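Residue numbers (full-length UniProt numbering): 1 to 930. Every residue, glycine too, gets a C-beta built ideally from N, C-alpha and C. Only a predicted model underlies this, so the values are computations on that prediction, with no experimental measurement involved.
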Amino acid sequence: MALTARENKPTEYPQRPGYGTRGQPVMLYANYLNLKSAGAQLFRYRVEISPDPATRKPPAGKKAQQIIKLLIEQHFSELGKNIVTDYKSTLITNLEILDNEEIYQYDVRYRGEYDDEYSEDAKVYRVTCQFTGRLNPAELLAYLTSTNPDDQFGSKTEVLQAMNIILGNHPKIQDWIASVGANKHYAIRGDLCEKWDLGAGLEALRGFFISVRTATSRLLLNVQVKYIACYQEGPLAHVIKEYQPRHRDVNALRRFLVKLRVRVTHIQRKNKRGDVVPRIKAIAGLATTNDGASQANPPRVPRHGAGPKEVEFFLEAPGQQPSQSASSGAKGKKGKKPAKAGPAQAGAYISVADFFRQNYGTNTDPNMPVINVGTTENPSYLPVEVCEVVPGQPAKAKLSPNQTRNMLNFAVRAPPQNAASIVTTGTQLLGLSPQSPTLENFGIQPDCNLITVPGRVLPAPNVYYKDASKRSQKSVTVKPQFGSWNMRSIRFSTSTNLPVWTWLVINADGSKPPFARQEDFDNVLGGFTAKLNEMGVAAQRALRGETISVNKDNYEAGITAAVGRLMNKKPSLILSVLPFSDADYYNCIKRACDLTYGVRNINVLADKFRDANPQYFANVGLKVNLKLGGANQLLDAKELGLIGQNKTMLVGMDVTHPSPGSSANAPSVAGMVASVDSTLSQWPAEIRVQRSREEMIQDLSDMLKAHLKRWARSHSKAYPENIIVYRDGVSEGQYELVVQKELPLLKNACRETYPASLTKQGLPHISIAIVGKRHNTRFYPTKEGDADRSGNPSNGTIVDRGVTEARNWDFYLQAHTALKGTARPAHYFTVWDEIFCRQQPRPPYQNSADVLEALTHHMCYLFGRATKAVSICPPAYYADLVCTRARCYLSSAFEPSLAGSVATGSGPGLKVENADVRIHPNVQDTMFYI
């Protein structure tokens, strides 16, 4: 079968140099189902809805979904079973329903989602349909089976998209399933519904993700257990009461409720069949003093969030146009604008409480706020007693610590439980078993058993420290067990000095101080100092610090001023003792130390520090040594391959984006770390802000130049011959952009930094591997003897067959041991290689795949903040930590609900710039972020 190629050829990633050979073979289950039949030829059509004349924008969201549903119902009713859609822009059919050369326009008469009849003045929308191509899964399978590396199949993405639309059709048309995005589905009622109370008005749902994936010689269905935090189903009054004990702020309540969809219960309307037609409204906010300001008789609202006895609206006299100020259920003319200022109309004001008591017998709680389901210009008020929260609505708010704990209690399960859920509940909910009519019509037949794949367990490297004796420089070999080890009777591989340091104890106003006497604190501090010296940090006795008391109104000024006073002592480090875990206090200290004054800083929690637990002291000591420039643990140079030759720089890159609830001015932030020598112990960082939601790093050249200069300073002005980049945070759809946009910026930085004599030789050589954490691949042992104590595969498990494609150079690596729950392996995908293809592998490595897999695995034992192997390699891990620290500096933009302002001037309404994240020169070459 001939394979097609598109005109704009996709980026050619490096060919897989072979499969890895090292490690103990193991057979694993993967959360994939085999597709026994992928169906026949498909036809794809693009759908566009013309803009609404009133808004000049095309309908979106649920309205657009309903219009496309009505398009099929009104114009293709006889072919309904042959058509599926994403309800956005695409129709997929297994029959040719339109002429290929024509553009078709259809008028769609609109009715509500829950209506079964059309109103006399139903709106008509113009919808355009156009054929965009034939797609054949059989051709994709032929490509996946082909052994010719030059074969290409340019329609791969389109075929997978079409098949995902088909697979998602069944759950999307079920009223008992809530679908989030294209491929996550949650049962909201019935036997398959699984939910958990998170507290404060939210609940968690357990559901499933589904996606069609390609692998060598076959197509697979990736099915994964998923969790989502939703608003609690049921009375809105209950949700508000659950939420308010934690949030007395009326603005916080407004943000929590805005756009929440509620079912209105005070009026019931039935269709011809006698079924009750739900009336669904979206909350615009709470009653405010600005509501209906342009109306002749505006509502009377004494304060934002006023109750039903306080909020009054103007009720017109009988016979006049019904007021829309209270949601009475009367059908006014659509599009009716609020009355303009003018002579007062006949009628009288009435409170929301009286109106609903007189008309519907509804008793209202005066302490509950009135809800606006209209607009600010033309409000429509409801008491909470007539509102029921529609189930399955994802929560926009960030989870509180208590909600996060509850979510983990629900979500963290043993691997066998998740595996069993997939093949039982998951296959039923997704319409795989029994097979849904959609799959039957399109000829898609899944095997509802998990596939097995071959894996290998790589041997752990030895870790090296120094002998406990301060006079000894003898190395001590530590053999990790189950991916971890301890530092008993040994000290850091490269120790540091801490001659001058001090402390800042922060107490919260109104709370009992954790240290009743200064002597109590001094005793604990002495024990911590002794532990630092035992581990290898030559710490002198700390200089007398300060104890301050702050509250939410004065903490910014109080903490910043205290750090400024302590700087008169010229300390190398300030130890801050926080009264409890508080983001405001923590962020303020980091801004003061990292940006304003330039001093290393370590934070500890008062309760944990007071307990003087040696393990806690040791964990803090790991960070102290790194911040001071030391090396905690080392590997033998042979375990790091070409890194051990001291001619290769490793780079980690990541980007963090604004989260739900961030302010409009919140930017995206890029972080880059890089090694400075072959020990891989120190990783200075660069931070830049950039356009919001921009994934590609824009200031890449300047960031890399800064790292190259650091390397040259520690290598007698020599530059690295090789640069290996681990790029975090990139989705599969953006792999090409890394090569097309970021690689040229990296090369440009090198051309402008390296001597011409080196660039003429083609130096440096660059390789780029994408690090994926947010994928949905999981592995489960097939034998109990191959499982670790938590039921997961053993640490060091690597998989490069079965769920991968032969042409791509990628692999999954579970380097760590998960304490509980199902372990998530990291996914590494090589998108560019100028390094490993030039190397001649030496025993025990047989090919370049062995070399890259071993290097990546061994690095996971060099994460300085832990005495265990971590889940992703340090370059990516450290870059992620840098981005997290940048969010601390810009907390007023990323967390506008938190109290306090930002000293850097990045408050609401102000433009965020690189100056707001510029690290002070005193600490810019340190691991300030660790």
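Cβ pair residue i, residue j closer than 8 Å
| i | j | result |
| --- | --- | --- |
| residue 944 | T11 | The first residue shown for the chain is 1 and the last is 930, placing residue 944 beyond what the model contains. |
| Y607 | P499 | Reading off the sequence, residue 607 comes out as Asp, not Tyr. Contact flag unset, no. |
| L852 | F836 | yes |
| F410 | P383 | no |
| L144 | V159 | no |
| M859 | P874 | yes |
| G864 | S572 | no |
| V412 | G821 | yes |
| A849 | R16 | yes |
| G652 | Y719 | no |
| V212 | L167 | yes |
Among the options, the one whose alpha carbon lies nearest that of residue i
| i | options | result |
| --- | --- | --- |
| Q814 | G564, H75, L28 | L28 |
| I548 | N523, S576, G526 | S576 |
| G510 | K552, I490, L532 | K552 |
| I173 | R126, T85, L144, Q74 | T85 |
| A631 | W683, Y780, P379 | W683 |
| S495 | E805, F410, L622 | L622 |
| L91 | D116, M163, A142, D151 | M163 |
| K705 | S662, R471, D728, C750 | C750 |
| D522 | N507, R544, S659 | R544 |
| T867 | I103, F482, G112, I768 | F482 |
| Q152 | P379, R263, Y13 | Y13 |
| L71 | P51, A54, V651, R111 | R111 |
| S794 | R807, A806, F779, N808 | F779 |
| G285 | N271, H266, R269, N251 | N251 |
| L634 | S475, L881, R456, E440 | S475 |
| V124 | R134, R109, N136 | R109 |
| G629 | G558, T265, F492 | F492 |
| G361 | M368, N367, A353 | A353 |
| H266 | Y231, G133, I188, T364 | T364 |
| R46 | A40, K62, E102 | E102 |
| L746 | Q734, L708, G733 | L708 |
| F220 | E388, I451, I506 | Rather than Phe, the amino acid found at residue 220 in this sequence is Leu. Minimum Cα distance to L220 is reached at I451. |
| L890 | T856, T782, D584 | D584 |
| F43 | V127, R134, P53 | R134 |
| G39 | V870, G443, Y812 | G443 |
| G20 | T804, R269, G431 | T804 |
Cβ-based burial, residue i [other Cβ within 10 Å; buried from 16]
| i | result |
| --- | --- |
| N297 | buried |
| A204 | buried |
| S294 | exposed |
| P302 | exposed |
| N568 | exposed |
| Y349 | exposed |
| Q840 | exposed |
| S701 | buried |
| E519 | exposed |
| E120 | exposed |
| V912 | buried |
In DSSP terms, what residue i is bridged to
| i | result |
| --- | --- |
| L202 | G199, Y231 |
| K57 | D52 |
| R269 | V277 |
| R218 | A215 |
| S549 | N507 |
| M27 | P454 |
| R688 | A670 |
| S576 | L504, N603 |
| T85 | L91 |
| D728 | V771 |
Near the ligand NAD: residue i beta-carbon under 7 Å from a heavy atom
| i | result |
| --- | --- |
| G61 | With respect to small molecules bound, the structure shown includes none, and the ligand NAD cannot be examined in it. |
Q: Any chance you could list the beta strand (DSSP E) runs of at least 3 consecutive residues sitting entirely within the segment 364-452, in chain order?
A: With a minimum length of 3 residues, the continuous beta strand (DSSP E) runs that stay inside the segment 364-452 are 387-389.
*Kindly provide the ranges of any alpha helix (DSSP H) runs that are 4 or more residues long and lie completely inside the segment 488-546, ordered along the chain.*
Qualifying alpha helix (DSSP H) stretches, in chain order: 518-535.
> Counting only runs that start and end within the segment 107-145, where is the alpha helix (DSSP H) found for 4 or more residues in a row?
Replying inline: Here the runs fully enclosed are 137-145.
Item checked: Within the segment 583-640, ranges of the alpha helix (DSSP H) (whole runs, at least 4 residues) -> Within the segment 583-640, the complete alpha helix (DSSP H) runs of at least 4 residues are 583-590, 606-611, 614-627.
**Asked** What are the uninterrupted segments assigned as alpha helix (DSSP H) that are 4 or more residues long and contained completely in the segment 790-872, given in chain order?
**Response** Correct list: 848-859.
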